[in-house]
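Enquirer: Each step along the sequence shown adds one to the number in the working numbering, with nothing skipped, and position 292 is 293. The structure is given below, and queries will be raised subsequently.
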Amino acid sequence: MKQIILSVLMAWCVASPGFSQHKDSIRLFWEACDYTEVLRLTDGMSAEDGEMMDWRLQACRATSDWKEAERVLRRRLATDSLRVRTWAELAECYRRQGRLECSAEAFRRAVVLRPRAGFLRTGYVQCLLDLSEAQKAKTACHDWLAADSTSATAYRMLGQAYEMEDSIPYAFLGYNAAYRLDSLDAQTVARIANIFNLNQQYADAENITATYRCTDTLNLDVNRQHAKALCLQQKYPEAIARYEALKRMGDRSFLTCYYLGMAYYGDNWFYGAYDNLKLASKRNPTDINTLYYLGLSAARTSWKEEGVACLEQALKLAIPSDSLIAKLYDGLGECKGRAGDVPGKVAALKKSYSYSHQNKTLFSIARLYDSLKDTKNAVLYYERFMKQVPDDERYLLDENGEVDAKGMTHWQEAYRRVRQLKEQLFFEGESDGHKRQ
């Protein structure tokens, strides 16, 4: 039935000479949520017809067709590049496509046209923060404050830019200025409390979040910082109550489960600690602290063997494997070599070999000593390498199983080089490391 109605409308739309009737038919498709038909019927419409283009843009948003929305907006800008709203919509369109640099530029153009519009300033700075362009974000915030020194949002975002650079004292100054202008901004309160908690000023974090909670008890970020401050002050019953409230609000994040588990552990209720640390471990299986306290909680409850397994896993994570250490020394050796420090590269490869026992490392060390004209050590490491090469790997064989005269293995190269170096030592008056008299 719906298809019949829509077909009739479409036929009427095509047959009717009246443009207003055409618009009415598009409106009917829009009200029926048939955005595909809206897009089809508005295709090719003039950019000057604002109402038609608005419908087309709304249909693009409804169907997440951001590419087409971009084309529509660019057609509008081609006829009028001074429309602030169009630049703002284009910025949002780019953001939806993940093209943050383009979004930032579109917001910047809008800000130039309307400097006092806080929404545009906020969008521009947020794009810069998302791009990790801290310096540009700071500049944009200072420009914003030059135009409006009472903007709490500008001060908060300035603090975020400084925090991105780990300039915590300056970040705190920005947040503090924002707080003085608007003490009810949840983001500002949560960020100040986070700095207090990181700086072990737990009482200050508790006080500022408790003050905010007198007005709003439901903000997730503020409640997290409040609960964390309570837990780190060892106010375990209060922390448990706050974290349990967060869980009832749907918060199952790693930090909420971890600190709730720690609060139960501190309050000597190990079943509660086990349950929540188990959840935290599922979200971050490689966190050593979580495994440690989960293991201890398990050992104090009904899962003693699991407690042993948790601590064993924590030990594996805490103590790097020999292969990993060898890889790191190999990397250090490569860096030393590229920096021109050949003796340093030799030392790094020796450490690598002590963990990996890779025979090819001995060959590399021998060649490095050879390049340093350290003949005796070159011979020593060539021979150590040669002794560990199995007989069936010393020569390249052709398809008939005969030694391939055209090819050469590392063992053959080492053998030939040792003969040359020993001959050199002999004529220099040294044999087996002893100078002839």
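Glycine is no exception: its CB is placed at the ideal position from the N, C-alpha and C atoms.
According to DSSP, is F427 part of a helix, a strand, or is it coil?
Expert: It is helical.
Enquirer: Just how far apart, CA to CA, sit L329 and P391?
Expert: Straight-line Cα distance between these residues: approximately 28 angstroms.
Enquirer: Compute the Euclidean distance between the alpha carbons of A274 and Q359, then round it to the nearest angstrom.
Expert: Distance between the alpha carbons of A274 and Q359: 45 angstroms.
Enquirer: With DSSP run on the structure shown, which of helix, strand or coil describes T37?
Expert: In the structure shown, T37 sits in a helix (DSSP, three-state: H, G or I).
Enquirer: Starting from the C-beta of V73, find all residues in its chain whose C-beta is less than 8 angstroms away, skip the five residues before and the five after it, and write them out in chain order.
Expert: Excluding sequence neighbours, V73 sits near A48, M54, R57, L58 and C61.
Enquirer: Suppose you measure from the CA of M409 to the CA of A367; what does that come to, to the nearest Å?
Expert: The alpha-carbon atoms of M409 and A367 are separated by roughly 17 angstroms.
Enquirer: On a Cα-Cα basis, can you pick out the residue from A79, A107, R100 and L101 that is closest to E90?
Expert: Per the Cα distances, A107.
Enquirer: With contact counted as at least three CB pairs below 8 angstroms, one residue from each stretch, are the stretch 198 to 214 and the stretch 179 to 190 in contact?
Expert: Yes, the stretch 198 to 214 is in contact with the stretch 179 to 190.
Enquirer: Say the cut is 7 angstroms; is the CB of C142 nearer than that to a heavy atom of the ligand ADP?
Expert: In the structure on display, the ligand ADP does not appear, and there are no ligands present to speak of.
Enquirer: Report back the beta-carbon spacing between S303 and L292 to the nearest angstrom; my notes put them in contact at under 8 angstroms.
Expert: Contact doesn't hold; Cβ gap of about 18 angstroms is too wide.
Enquirer: Compute the beta-carbon to beta-carbon distance between A105 and L78, rounded to the nearest angstrom, for a pair I have assumed lies under 8 angstroms.
Expert: The pair is not a contact, with the Cβ atoms about 17 angstroms apart (cut-off 8 angstroms).
Enquirer: For the candidate residues Y259, D44 and N220, whose alpha-carbon lies nearest to that of L233?
Expert: If we check each option's Cα against that of L233, Y259 comes out closest.
Enquirer: Check this for me: beta carbons of D126 and M165, under 8 angstroms apart or not?
Expert: Residue identity check: residue 126 is Val in the sequence provided, not Asp. Against a cut-off of 8 angstroms, the Cβ pair of M165 and V126 comes out as no contact.
Enquirer: Name the residue from P170, Q413, D167 and A178 whose alpha carbon lies nearest to the alpha carbon of A155.
Expert: Measuring from the Cα of A155, the nearest candidate turns out to be A178.
Enquirer: How far does the alpha helix (DSSP H) with I320 in it extend, from its first residue to its last?
Expert: Element bounds for I320: n/a, residue is neither H nor E.
Enquirer: Anyone know if the C-beta pair for I27 and L40 falls short of 8 angstroms?
Expert: Contact: no.
Enquirer: With DSSP run on the structure shown, which of helix, strand or coil describes R225?
Expert: Correct three-state label for R225: helix.
Enquirer: If I measure Cβ to Cβ from Y36 and keep anything under 6 angstroms in the same chain, skipping five residues before and after, which residues do I get?
Expert: These residues qualify, in order along the chain: A60, A63 and T64.
Enquirer: Does F427 pass the burial test, meaning 16 or more other C-beta atoms within 10 Å, or should it be called exposed?
Expert: Classification of F427: exposed, given that the 10 Å Cβ count is below 16.
Enquirer: Would you say the stretch 374 to 394 touches the stretch 329 to 339, given that touching needs at least three Cβ pairs under 8 angstroms?
Expert: Segments in contact, no.
Enquirer: What residue range does the alpha helix (DSSP H) around P286 cover?
Expert: That residue, P286, is in no alpha helix (DSSP H); it is neither H nor E in DSSP.
Enquirer: Where do the N-terminal and C-terminal ends of the alpha helix (DSSP H) with N200 fall, by residue?
Expert: Here N200 belongs to no alpha helix (DSSP H), and DSSP marks it neither H nor E.
Enquirer: In the stretch 96 to 150, which residue ranges form an unbroken alpha helix (DSSP H) of at least 4 residues, counting only runs that do not cross its ends?
Expert: List check, alpha helix (DSSP H) in window: 101 to 114, 119 to 131 and 135 to 148.
Enquirer: Kindly provide the ranges of any alpha helix (DSSP H) runs that are 4 or more residues long and lie completely inside the stretch 291 to 366, ordered along the chain.
Expert: Counting only runs of 4 or more, we get 305 to 319, 323 to 339 and 343 to 357.
Enquirer: Relative to the C-alpha of I196, which residue among N277, L247, G251 and G175 is closest?
Expert: Out of N277, L247, G251 and G175, G175 has the C-alpha closest to the C-alpha of I196.
Enquirer: Are the CB atoms of R243 and H227 nearer to each other than 8 angstroms?
Expert: Closer than 8 angstroms, so yes.
Enquirer: Residues in its own chain within less than 8 angstroms of L114 by CB, not counting five upstream and five downstream?
Expert: These residues qualify, in order along the chain: L83, V85 and W88.
Enquirer: For the alpha helix (DSSP H) that V73 lies in, which residues bound it at each end?
Expert: Note, V73: alpha helix (DSSP H), W67 to T80.
Enquirer: Here's the rule I'm using: 16 or more other beta-carbon atoms within 10 Å means buried, otherwise exposed. How should M250 be labelled?
Expert: With fewer than 16 other Cβ atoms within 10 Å, it is exposed.
Enquirer: Which residues in the same chain have their Cβ closer than 6 angstroms to the Cβ of D371, if we skip the five residues on either side of it in sequence?
Expert: Excluding sequence neighbours, D371 sits near A379.
Enquirer: Skipping 5 residues on each side, what residues in its chain have a beta carbon closer than 8 angstroms to that of T218?
Expert: Correct list, in chain order: N224.
Enquirer: Are the Cβ atoms of G308 and A319 separated by less than 8 angstroms?
Expert: Not in contact: G308 and A319 (Cβ atoms no closer than 8 angstroms).
Enquirer: Which value, in whole angstroms, describes the spacing of the CA atoms of A33 and Y265?
Expert: Approximately 54 angstroms, taken between the alpha carbons.
Enquirer: I believe L295 touches K279 by the beta-carbon criterion, under 8 angstroms. Please report the beta-carbon distance rounded to the nearest angstrom.
Expert: With a Cβ gap of about 6 angstroms, L295 and K279 count as contacting.
Enquirer: Buried or exposed: which applies to S353, given that a residue is buried once 16 or more other Cβ atoms fall within 10 Å of its Cβ?
Expert: It is buried - the Cβ of S353 has at least 16 other Cβ atoms within 10 Å.
Enquirer: Kindly provide the ranges of any alpha helix (DSSP H) runs that are 4 or more residues long and lie completely inside the stretch 371 to 402, ordered along the chain.
Expert: Here the runs fully enclosed are 376 to 388.
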